[in-house]
């Protein structure tokens with residue numbers, strides 16, 4: 012009888028727990044960290060060093076959310092995921108947000124129970140080949156073996172592009188970035204295709220970057236951004252506006268070094284939480300955006316620190332410059 | 003239960019149907035608790051599944067199986083599944099399921115055959131009187147059994163793509179077969195009109211040799227005269243189809259691979275992912291099969307071998323006629339388990355990108371449509387069916403091999 016009681020108690024608990032869904036913000040604040048899904052290692056976007064410190068532009072979005080919600084950009088638990096695992100991990104609640112160079116598409120936004128909270132890097136799919144192959148355009152690639160990572164929009168774009176241009180290829184699909192790179196290095200395939208940013212990142216990590224050429228063709232739009240679960244609008248707003256805060260800070264010229272300076276620009280004062288009540292709308296403390304800029308920096312700082320021209324990855328701002336500088340980076344107003 | 007109620011009714015005739023009797027009746031109590039547990043378990047599953055679908059809907063995730071009809075839109079590494087299903091990115095997600103299934107079955111089938119052959123060889127070698135052979139077999143088993151299979155798959159795959167040359171410097175065998183880091187390129191047979199007759203001849207040959215064998219076996223049992231049947235077998239199985247083939251004017255062409263700009267083109271490409279996976283699984287599973295065979299042989303009484311020697315059988319005859327038939331009785335059940343393990347382990351192929359069920363369907367399709375519950379349930383069902391099928395088949399063999407009372 013005792014066992015029976017135990018069993019029914021356990022049953023009630025399990026059934027009870029299945030039905031309960033707390034808000035992500037209170038969950039995060041209760042456990043004291045943000046669980047953020049990142050890649051298994053893509054230099055400049057999300058990669059851990061030998062000491063286990065994560066850096067990268069995707070990592071900085073996680074850190075910005077932690078700074079906003081917990082006041083400490085270090086309170087992030089990074090969960091490295093393969094491309095295939097990422098959506099399931101977010102859907103199941105294993106992670107609070109996903110910031111893993113993930114392309115925003117209608118299928119993902121509308122059918123996976125997920126919402127994209129913005130774009131933190133505008134990318135496009137490109138091709139990399141070994142210089143020794145003597146190929147200068149992707150149109151010459153008919154008959155080649157192409158290395159791709161499984162579970163990406165890359166696979167779909169490649170098939171569409173191949174069909175549209177009458178290019179026949181063999182796709183060699185791997186689970187992880189590392190195996191894709193090994194396949195390419197060993198010569199299992201002739202071409203590596205992924206987002207251009209990823210190609211630059213991999214080329215920078217190669218023994219001799221000059222042995223590899225990134226071909227000029229960009230065959231797709233790949234807006235990469237953070238993703239949250241559908242159905243928690245407060246959390247969605249927090250992630251979206253944490254990213255927007257970084258972009259607006261760049262627009263207003265606020266950096267982590269100058270964030271404490273008082274100015275008479277009303278928008279800047281609003282951004283820093285010294286006037287207005289934006290914090291109440293998202294349910295955070297008035298200094299939430301201040302903490303983001305103070306601890307993580309503005310968008311430009313994050314970009315230049317991780318993937319800018321002075322880093323080994325060496326990507327120019329290009330389309331990722333502010334709209335005022337000829338790019339397409341644009342945050343709705345902080346008002 | 004019927005008996006139980008009848009019992010209580012029987013008792014009730016003496017003392018009236020008493021609730022206390024039922025309460026203190028061990029059988030009744032046991033039955034009551036089993037019913038309660040059953041209801042609770044079913045109720046738990048029912049609630050959990052209901053909850054799951056409720057949550058999935060609440061979060062706006064698609065449900066149902068309509069995704070199977072949608073265009074897949076991605077390419078799959080060309081191998082057997084692609085050719086048989088005629089797969090292109092325009093095919094449906096359901097075709098991907100078939101491609102994955104075929105690729106899984108090929109690995110399981112070839113892996114089971116290879117691992118049995120290696121296992122049999124190593125198992126017998128392990129008990130060899132030759133010290134070196136026995137120790138080598140023992141070393142093989144200890145080495146491959148004690149390294150995780152995933153690691154072995156990755157090792158053989160990366161070894162393969164790194165030690166073999168680029169397609170431009172392929173190893174060529176008589177200029178019809180090529181081996182390079184992109185796999186083995188075999189000539190692709192293209193049957194022409196009349197080739198079916200050759201296949202028919204082969205079939206006739208097989209049936210004929212079966213009956214010849216049966217005839218001489220009966221003769222052996224009746225008269226004790228032993229006749230070798232292998233010359234007949236060769237004549238029927240190999241000779242007959244060749245004669246028919248030549249008479250019909252060789253109705254078969256071969257498409258041989260030629261070097262294109264990047265790759266070898268044409269022919270039949272056996273991809274390195276398949277080679278590495280099948281090799282790793284066979285080598286690994288063979289260690290367990292070898293141990294099963296060894297334990298089977300050791301389970302045969304020593305007297306059997308001595309008796310075989312005493313009546314003048316050669317060691318080979320004694321192994322083939324006396325030891326193995328008895329050893330297999332003991333070895334078959336654990337070997338079935340290994341076949342099942344091999345089939346299930348084939349899903350590790352996802353690590354090297356061999357497009358089997360879990361990689362192509364449970365991986366790529368899952369990621370593109372995001373319906374984890376449906377897709378994984380389908381994949382689980384397939385592995386369940388394959389495993390049960392192997393199980394049933396080998397249990398039948400096991401029954402056949404078991405000692406029959408005469």
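Residue numbers (the working numbering), protein chains in the order written: chain W, 12 to 346; chain V, 3 to 408.
C-beta atoms are modelled at their ideal positions from N, C-alpha and C, and glycine is treated no differently.
Being a predicted model, the structure only gives us computed values, none of them experimental.
Item, Value
"Check the Cβ-Cβ distances between residue 2 of chain V and every residue of chain W, and say whether any is below 8 Å.", "Residue 2 of chain V is absent from the model: chain V starts at 3 and stops at 408."
"Just checking: is the beta-carbon of residue 267 of chain V within a distance shorter than 8 Å of some beta-carbon in chain W?", "yes"
"Between residue 289 of chain V and chain W, is the shortest Cβ-Cβ distance under 8 Å, so that the two count as touching?", "no"
"With a threshold of 8 Å between beta carbons, is residue 352 of chain V in contact with chain W?", "yes"
"Could you name the residues of chain W that residue 60 of chain V contacts, counting a contact when the two beta carbons are closer than 7 Å?", "242"
"Verify the CB distance criterion: does residue 52 of chain W have a CB-CB separation below 8 Å to chain V?", "no"
"Run through DSSP, which three-state label would residue 183 of chain W get?", "strand"
"Should residue 140 of chain W and residue 87 of chain W be called a contact, given that it needs their Cβ atoms to be closer than 8 Å?", "no"
"From what residue to what residue does the beta strand (DSSP E) around residue 238 of chain W run?", "238-240"
"Going by beta carbon distance, what residues of the same chain come within less than 6 Å of residue 1 of chain V, once the five residues before and after it are set aside?", "Since the first residue shown for chain V is 3 and the last is 408, residue 1 of chain V is missing from the structure and cannot be characterised."
"Return the residues of the segment 291-324 of chain W that lie within a Cβ-Cβ distance of less than 9 Å from chain V, sorted by chain order.", "none"
"Compile a chain-ordered list of the residues in the segment 207-240 of chain W whose CB is closer than 8 Å to at least one CB of chain V.", "240"
"For residue 47 of chain W, which beta-bridge partners are listed by DSSP?", "W:89, W:108"
"Go ahead and label residue 71 of chain W buried or exposed: buried means 16 or more other beta carbons lie within 10 angstroms of its beta carbon, across all protein chains shown.", "buried"
"Who are the Cβ neighbours of residue 363 of chain V in its own chain at under 7 Å, not counting the five residues just before and after it?", "98, 99, 102, 377, 381"
"Excluding the 5 residues flanking residue 228 of chain W on each side, which residues of the same chain have their C-beta closer than 6 Å to its C-beta?", "149"
"Once DSSP output is grouped into helix, strand and coil, what is the label at residue 183 of chain V?", "coil"
"So does the segment 156-163 of chain W actually touch the segment 123-131 of chain V, counting three or more Cβ pairs closer than 8 Å?", "no"
"How big is the Cα-Cα spacing for residue 82 of chain V and residue 366 of chain V?", "18 Å"
"Here's the rule: buried if 16 or more other CB atoms are within 10 angstroms of the residue's CB, otherwise exposed. What is residue 56 of chain V?", "exposed"
"Using beta carbons (cut-off 8 Å, strictly below), is residue 263 of chain V in contact with chain W?", "yes"
"For residue 102 of chain W, decide whether its Cβ has a neighbour in chain V, counting only Cβ atoms nearer than 8 Å.", "yes"
"Please identify, using Cβ separations under 9 Å, the residues of the segment 272-305 of chain V that lie next to chain W, in order along the chain.", "273, 274, 275"
"Going along the chain, which unbroken runs of the alpha helix (DSSP H) with 4 or more residues stay wholly within the segment 81-131 of chain V?", "82-87, 95-128"
"Roughly how many whole angstroms lie between the Cα atoms of residue 86 of chain V and residue 358 of chain V?", "14 Å"
"Locate the alpha helix (DSSP H) running through residue 216 of chain V, then write down its first and last residues.", "197-225"
"Would you please verify whether the beta carbon of residue 188 of chain V is less than 8 Å from any beta carbon of chain W?", "no"
"Just checking, does the segment 317-328 of chain W make contact with the segment 72-85 of chain W on the three C-beta pairs under 8 Å criterion?", "no"
"Would you say residue 141 of chain V faces chain B, with C-beta separation under 8 Å as the test?", "Among the chains of the structure shown, chain B does not appear; the protein chains present are W and V."
"Against residue 186 of chain W, what residues of chain V qualify as contacts under a CB-to-CB distance less than 9 Å, listed in chain order?", "352, 353, 354, 355, 361, 365"
"Kindly indicate the opening and closing residues of the alpha helix (DSSP H) around residue 261 of chain W.", "244-262"
"Got a sec, what are the start and stop residues for the beta strand (DSSP E) residue 371 of chain V sits in?", "Premise fails: residue 371 of chain V lies in the alpha helix (DSSP H), 368-371, not in any beta strand (DSSP E)."
"Listed from N- to C-terminal order along the chain, which residues in the segment 112-123 of chain W have their beta-carbon within a distance smaller than 7 Å of any beta-carbon of chain V?", "122, 123"
"Buried or exposed: residue 28 of chain W, going by 16 or more other Cβ atoms within 10 Å of its Cβ?", "Caution is warranted here: a pLDDT of 42 is assigned to residue 28 of chain W, below 50, making its placement in the model unreliable, and no coordinate value can be reported."
"My guess is that residue 400 of chain V and residue 335 of chain V are in contact by the Cβ rule of under 8 Å, so how many angstroms apart are they, rounded?", "6 Å"
"Terminal residues of the continuous alpha helix (DSSP H) containing residue 158 of chain W?", "Element bounds for residue 158 of chain W: not the alpha helix (DSSP H) but the beta strand (DSSP E), 156-160."
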